[in-house]
Amino acid sequence: MTGPHTSALQSRWDAALMPNYGTPPVALKVGRGAEVWDVDDKRYLDLLGGIAVTSLGHGHPELVKAVSRQVAALAHTSNLYLHEPAIALAERLLDLLGVAGTDSRVFLCNSGTEANEAALKLVRRHAPTRTKIVAAENSFHGRSLGALSITGKASIREPFAPYGWHTVFVPYGDADALRAAVDSDTAAVFLEPTLGEGGVVPPPAGYLAVAREVCDATGAVFVLDEIQSAIGRTGAWFAHQHEGVRPDVLTLAKGLGGGLPIGACVGLGSFGGTFQRGDHGSTFGGNPVACAAALTVLQVIETDGLLDHVVKVGGQLADGIAAIDHPLLAKVEGRGLWLGIVLTADVSAKVEVAAREAGFLINAVQPGRIRLAPPLVLTAEQVQEFVSALPAILDAANTQSRGIA
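Numbering (our numbering), first residue to last: 1 to 405.
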């Protein structure tokens, strides 16, 4: 049931904003930790975290202090002048990747799609005569034209073709298909450690290692898109660290800023020096406020032991869902607090609606899959609250799908 204040805002939204998002069903007003309230004062448990963004939850006091302090001191410099928060953030990322003191370098921008645009230009600069990119079917790398050219969802890519790359899409997780597609004309292989928008689909064990081997054998650049999976979401700083592989280029965003817009393209090893002066830039990218927020996110994750916490509560959440015996529930996949609930029918939209009615924000990321990416501060009690409510949510969705009032 939509409240009166929400309905009023939805009408104003429809009259003032472009229709590319449709009309959002909830109008949020305030949040604390993993809880949010809408403008009609209905409370929700936020199990999506602004699409894996609000790593510290809503209204975290350390984030509020850091952003307030920085915006009062210096909010913007452009890229004509340096500021210490950007340097400190780049140094911290290189340290967390274990490449501090090497040739590796960081480019800071505003978003995930910008990070991937930077990676695409870096690849072109590295191997200008190579014209082919290999990416995964059902992958997602952003909606700007460059990032969209390597996104494996035909429904959102094809209306805006043609593009400047010859992109070959291969089934995600199929090592043989990857080996067959990558050749000496391949500039880069773009992969996610787990398909995010594709439904939180993890690859078979060893798949990323095969990608590394294929790139080494052909001279292709290995780019890992960790825009959703990094910054503690899987219980490690970066998801590829679970697999023991190292990419040539790494792209980051979402959870890095804890809610403030920031992205990063990291060139590892010699790829840190591929760009030369004037090759790329961003007026707002890596501004002092976003960098201060990102430094605070990294600091709080470390000092509060959130990597271990994510492993613990993520395991509790996955185990709790897996233990539910329900005809709509097939299995749960993923790692840490980045999970996909796999359904036995394409009714995820109905499950999302039923969950929302019950006070839980989840995401029908694919017709038969639900995505969970809650704040890393989700508590054990909140996990149990959702697990206890899920059978009734599935019952309600099942009833809707059969057309029973």
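Cβ atoms here follow ideal geometry from the backbone N, Cα and C, with glycine treated the same way.
Let me know if residue i comes out buried or exposed under the rule of 16 or more other beta-carbons within 10 Å of its beta-carbon.
i: PRO478; result: Residue 478 cannot be examined here, being either before or after the span of the chain that is shown, 1 to 405.
i: ALA16; result: exposed
i: LEU80; result: exposed
i: ALA205; result: exposed
i: PHE107; result: buried
i: ALA264; result: buried
i: ILE133; result: buried
i: ASN116; result: buried
i: PHE160; result: exposed
i: GLU381; result: exposed
i: THR303; result: exposed
i: PRO4; result: exposed
i: GLY196; result: buried
i: THR283; result: exposed
i: TYR21; result: exposed
In the DSSP assignment, the alpha helix (DSSP H) including residue i goes from what residue to what residue?
i: ARG356; result: 348-358
i: GLY50; result: 49-52
i: LYS153; result: No alpha helix (DSSP H) holds LYS153; DSSP gives it neither H nor E.
i: ILE324; result: Note, ILE324: premise wrong, no alpha helix (DSSP H); not H, not E.
Along the chain, where does the beta strand (DSSP E) that runs through residue i open and close?
i: TRP338; result: 338-343
i: LYS29; result: 28-32
i: TYR44; result: 43-46
i: GLU333; result: 329-335
What does DSSP give as the partner residues of residue i in its beta bridges?
i: THR186; result: LYS132
i: HIS166; result: LYS132
i: ILE370; result: ILE341
i: THR251; result: ASP225 and CYS265
i: ARG105; result: GLY267
i: ASP38; result: LEU28
i: LEU260; result: GLY258
i: ASN363; result: ARG371
Rounded to whole angstroms, how far is the Cβ of residue i from the Cβ of residue j, which I believe are closer than 8 Å?
i: ALA349; j: ALA364; result: 5 Å
i: ASP297; j: LEU256; result: It should be noted that the sequence gives Val, not Asp, for residue 297. Going by Cβ atoms, the distance from VAL297 to LEU256 rounds to 7 Å, so yes, they are a contact pair.
i: THR113; j: GLY142; result: 3 Å
i: GLY232; j: LEU307; result: 5 Å
i: VAL99; j: ARG369; result: Actually they are not in contact, since the Cβ atoms of VAL99 and ARG369 sit about 34 Å apart, beyond 8 Å.
Quick one: any contact between the stretch 264-279 and the stretch 241-248, if contact means 3 or more CB pairs under 8 Å? Taking a contact to require three or more Cβ pairs closer than 8 Å, the stretch 264-279 and the stretch 241-248 qualify as touching.
Answer yes if the stretch 231-240 comes into contact with the stretch 121-139, meaning at least three C-beta pairs across the two stretches below 8 Å, and no otherwise. no
Determine contact between the stretch 289-302 and the stretch 146-157, defined as no fewer than three beta-carbon pairs at a distance below 8 Å. Taking 8 Å as the limit for Cβ pairs, the verdict is that the stretch 146-157 does not touch the stretch 289-302.
Cβ contact (3+ pairs, closer than 8 Å) linking the stretch 41-55 and the stretch 353-371: yes
Does the contact criterion of 3 or more C-beta pairs under 8 Å hold for the stretch 217-236 versus the stretch 176-187? In short, these stretches touch, since the Cβ pair count reaches three.
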